[in-house]
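**Q** Quick one: the structure is below, and I'll ask about it shortly.
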Amino acid sequence: MFTAYEWIYGIAQFSAGFLSVVAGIIALSMFRAARQNKILRSWRFLIIALVLFAVEEVIGALKTFGIYETPHLTHVIPFFILLFVIAGVLAQIKITKGWLE
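Residue 116 in this note's numbering is what sits at position 80 of the sequence shown, and the numbering runs on without skipping anything.
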């Protein structure tokens, strides 16, 4: 059986994953706009990071409940999340400085 802590922790992870999916649905409209408007180009990277975050949260919840466990994936996904966030920040810096193509 699971302790109360494990239940709360797992439910919190599922909630964070659900909220990031909702944010991803909202961000899809920004993704469509980013294709047309060069000023919103950095959103592409942030949306990919958001999807990876949702995957990370779901995998963490599955690990908490003992359904599925993958030790390597929980270290690799945050690397790519950070990579896409940095790429988004760098793209936004280029946009802000006026270095658009």
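Beta carbons are placed, not taken as given, at the ideal position from N, Cα and C, and that holds for glycine.
These figures come from a predicted structure and were not determined experimentally.
The alpha helix (DSSP H) that contains Met66, what's its start and end?
**A** Its alpha helix (DSSP H) spans residues 40-72.
**Q** Under 7 Å, do Leu88 and Phe116 count as touching if we go by C-beta distance?
**A** Yes; because the gap between Cβ atoms is below 7 Å, this pair is in contact.
**Q** Can you say whether Gln72 is buried or exposed, counting buried as having 16 or more other CB atoms within 10 angstroms of its CB?
**A** Exposed, since its Cβ has fewer than 16 Cβ neighbours within 10 Å.
**Q** Helix, strand or coil for His108, going by three-state DSSP, please let me know.
**A** His108 falls in the coil class under three-state DSSP.
**Q** From Glu121 to Val91, what distance separates their C-alpha atoms?
**A** The sequence given here places Val at residue 121; Glu does not occur at that position. In a straight line, the C-alpha of Val121 is about 16 Å away from that of Val91.
**Q** In terms of alpha-carbon separation, which member of Thr132, Gly124, Gln128, Lys130 lies closest to Ile83?
**A** Selected option, being the one with the closest Cα: Gly124.
**Q** Residue range of the alpha helix (DSSP H) that Gly102 falls in?
**A** From DSSP, Gly102 is part of no alpha helix (DSSP H); its letter is neither H nor E.
**Q** Roughly how many angstroms lie between the CA atoms of Ser78 and Met37, to the nearest whole one?
**A** Their backbone Cα atoms lie some 45 Å apart in a straight line.
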